[in-house]
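Single-structure report; data block below.
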DNA sequence: AACGAATCCTGTGCGC
DNA sequence: TGCGCACAGGATTCGT
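Residue numbers (the numbering used here): 3 to 274.
So this is what it looks like as structure tokens:
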């Protein structure tokens, strides 16, 4: 479900409430996530540890705990982190419940169970982070670097954006929107892009991600922030899930094709 | 090495 | 109304 903007919206919602608090109990549900630490590991490294910082890398959330352990959360497709101020009837598909020292609860809910919740002891770098590319807002990410990294590579531009090894945090929705905004074809092999093309792509990437964060993320089906609220950026989407409807720039009907098993929405006129 | 495809899950919405 | 099928925002693993 959530891409970089949605994860960042969750981070910004949780950080002011959670930082400085400590976890006092953890409960695990009957069904396991794709990747999930054991209850014993959670108790050992998370319980009675104060939360010092809440960071984000790509689509990963990193809870930095007192003593140096890290709790890593990836929301997969349908994961949610929900904050319950007062104990109430928990919603369905809650797989983890963290109780806090002020009586509130942090729930991890995930219908499809594609998510990950893993704890890493102090000093251990979480392996999933090794494959995460540069942050889109990092000053080190430049058009020249992108041009260098894509020499003699024939991967279609859309797949390149999705795989996250160069630029982190972009998923299917924002890949489609960014390519449309930059007027670049999703099928174009990356080796054919000029430095000017990469500069435009990078500019539009930053503009769209920033706007989506400001709008509280995109809710197409499942996304809710930590307070259970939807985002608003779905009303600003130019192409995603709009096959057959007129392109907002030129009026041509939006096309749809399948790339690497995912739907790509684009305007054949604007993105030729 | 660098691609694409299949895979892990459940829920929803469509056509018949 | 019910059934089967396609599809859904991600990351990993496997085959070519």
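C-beta atoms are modelled at their ideal positions from N, C-alpha and C, and glycine is treated no differently.
(request) Reducing DSSP to helix, strand and coil, say where residue 176 ends up. (result) helix
(message) Among 104, 87, 137 and 218, whose alpha-carbon lies nearest the alpha-carbon of residue 12?
(response) 218
(message) Please classify residue 254 as buried or exposed, where buried requires at least 16 neighbouring CB atoms within 10 angstroms.
(response) exposed
(request) Go through the region 51-113 residue by residue and report every complete run of the beta strand (DSSP E) that reaches 3 residues or more, in order. (result) 53-59, 62-67, 72-76, 81-86, 96-102 and 107-112
(message) How far does the beta strand (DSSP E) with residue 241 in it extend, from its first residue to its last?
(response) Note, residue 241: premise wrong, no beta strand (DSSP E); not H, not E.
(message) Within 10 Å of its beta-carbon, does residue 183 have 16 or more other beta-carbons around it, so buried, or fewer, so exposed?
(response) buried
(message) Given a cut-off of 7 Å on the beta-carbon distance, is the pair residue 128 and residue 70 in contact?
(response) no
(request) Please determine, among 58, 28 and 195, the residue with the shortest C-alpha to C-alpha distance to residue 45. (result) 28
(message) Please classify residue 196 as buried or exposed, where buried requires at least 16 neighbouring CB atoms within 10 angstroms.
(response) exposed
(message) Using only the alpha-carbon positions, how far apart do residue 59 and residue 242 sit?
(response) 24 Å
(request) Examine the Cβ distances between the region 48-56 and the region 130-141 and report whether three or more of them are shorter than 8 Å. (result) no
(request) Could you tell me which residues DSSP pairs with residue 248 in its beta bridges? (result) 255
(request) Answer with buried or exposed for residue 252, where buried requires no fewer than 16 other C-beta atoms within 10 angstroms of its C-beta. (result) exposed
(message) Rounding to the nearest angstrom, what Cα-Cα distance links residue 268 and residue 130 in this structure?
(response) 31 Å
(message) Quick check: the Cα distance between residue 172 and residue 4, rounded to an integer number of angstroms?
(response) 10 Å
(request) Would you grab the beta carbon distance between residue 187 and residue 273 for me? Rounded to a whole angstrom, and I think it's under 8 Å. (result) 5 Å
(request) Mind checking who residue 27 pairs with in its DSSP beta bridge? (result) 101
(message) Here's the rule I'm using: 16 or more other beta-carbon atoms within 10 Å means buried, otherwise exposed. How should residue 160 be labelled?
(response) buried
(request) Report the option in 94, 72 and 193 whose CA atom is closest to the CA atom of residue 82. (result) 94
(message) Between the alpha carbons of residue 30 and residue 181, how many angstroms are there, rounded?
(response) 41 Å
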